[in-house]
Amino acid sequence: MKNHQTQVRVRYSETDQMGVVYHGNYVPYFEIGRVEWLRNKGISYASMEESGIGLPIVSMQINYKKSARYDELLTIHTTFKSQSSVKIEFDCEIYNEANELLTTAVFILVFISLKTGRPTAPPDYILELFKTLT
């Protein structure tokens, strides 16, 4: 339950003239993975924002191992790593269709009140989810 996988196909607009994915486009791929991880656990990111809670990235570390290419089907692995007070940490990996590891990343996000912009405790329904993961 700590892990979730989702897939995305590399679009032409995400690549350079050689068909290689531009490095900045990996961040949205990882975001897709995190949003789908939440959705898989029954949590809608849109609903969370509607209730006044945001979850911005405060730290990310990305390691590029091998290039993703145009039209490849990528599998994004998102793994819950830890949660402490207002922070949540994910380990992420992207694989190509040959199951080759392309990219790894670690993301730390902080729950914030959209009204004040300040860190806040996660909502109770998310704290309940965390209890099932540890």
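Under our numbering, think of the first position of the sequence shown as 598, with each following residue one higher. Backbone N, C-alpha and C fix where the C-beta goes; we use that ideal spot for every residue, glycine too. Keep in mind the model is a prediction, meaning the values are calculated, not measured.
Item                                                                                                                            : Value
Quick check on Asn660: does DSSP put it in helix, strand or coil?                                                               : strand
Pairs of beta-carbons, one from the stretch 670-678 and one from the stretch 631-639, closer than 8 Å: are there three or more? : yes
Taking the straight line between their C-alpha atoms, what separation do you get for Met615 and Thr717?                         : 44 Å
Looking at C-alpha atoms only, which residue of Met657, Gly649 and Ser656 is the closest neighbour of Gly714?                   : Gly649
Taking a contact to mean a Cβ-Cβ separation below 8 Å, would you say Tyr667 touches Tyr609 in this structure?                   : yes
In angstroms, rounded to a whole number, what distance separates the CA positions of Lys638 and Leu726?                         : 8 Å
Are Ile659 and Ile723 close, meaning C-beta to C-beta below 8 Å?                                                                : no
Could you tell me whether the Cβ atoms of Leu686 and Ser679 are closer together than 8 Å?                                       : According to the sequence provided, residue 686 is Glu. The question's Leu does not apply to it. Yes, they are a contact pair.
Where do the ends of the beta strand (DSSP E) carrying Phe677 lie?                                                              : Leu670 to Ser681
Measure the CB-CB distance between Asn693 and Leu671 and report whether it falls below 8 Å.                                     : yes
Would Tyr619 be called buried (16 or more neighbouring beta carbons within 10 Å of its own) or exposed?                         : exposed
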